[in-house]
Amino acid sequence: MTQAQALSTRGQPYELVTISNAKPPPGQSGADWHAYEIAQGKNVIRGCRRGPLKDVTLAVEDMVEQLNERRLGRYGRAKRAPAAKK
1427 MTQAQALSTR GQPYELVTIS NAKPPPGQSG ADWHAYEIAQ GKNVIRGCRR GPLKDVTLAV
1487 EDMVEQLNER RLGRYGRAKR APAAKK
């Protein structure tokens, strides 16, 4: 099964929609905040992150990649050893 086929069988992939300048969250200071949106179909993840636009973009793109890898089962649970019999 190709990656594209695997993606289609597990719903839509996560995609970075927007990154824009933002005001600091309540209780925070600084002028280098960015708001982002990640979407998967109708589901939307909104967040904010502090830092230069280039760094924030790389971090959010990494999040999107990890979310999609998780969808494909690449970050599955570790297999547990059976419990010892008493």
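The opening residue of the sequence shown carries number 1427 in the working numbering; numbering runs sequentially from there. For each residue, glycine too, the CB sits at the ideal point set by N, CA and C.
Assign residue i to one of two classes, buried (16 or more other C-beta atoms within 10 Å of its C-beta) or exposed (fewer than that).
i, result
"residue 1482", "buried"
"residue 1470", "exposed"
Under 8 angstroms by Cβ, that's how I've got residue i and residue j pegged, so tell me the actual separation to the nearest angstrom.
i, j, result
"residue 1459", "residue 1450", "5 angstroms"
"residue 1493", "residue 1440", "4 angstroms"
"residue 1465", "residue 1474", "Not a contact, Cβ separation roughly 16 angstroms."
"residue 1445", "residue 1486", "6 angstroms"
Rank the options by C-alpha distance to the C-alpha of residue i and give the top, closest one.
i, options, result
"residue 1472", "1438, 1479, 1442 and 1437", "1442"
"residue 1476", "1490, 1489, 1487 and 1448", "1448"
"residue 1437", "1479, 1484, 1467 and 1488", "1467"
Based on the DSSP secondary-structure assignment, which residues constitute the bridge partners of residue i?
i, result
"residue 1446", "1461"
"residue 1470", "1465"
Alpha helix (DSSP H) containing residue i: first to last residue?
i, result
"residue 1480", "1479-1497"
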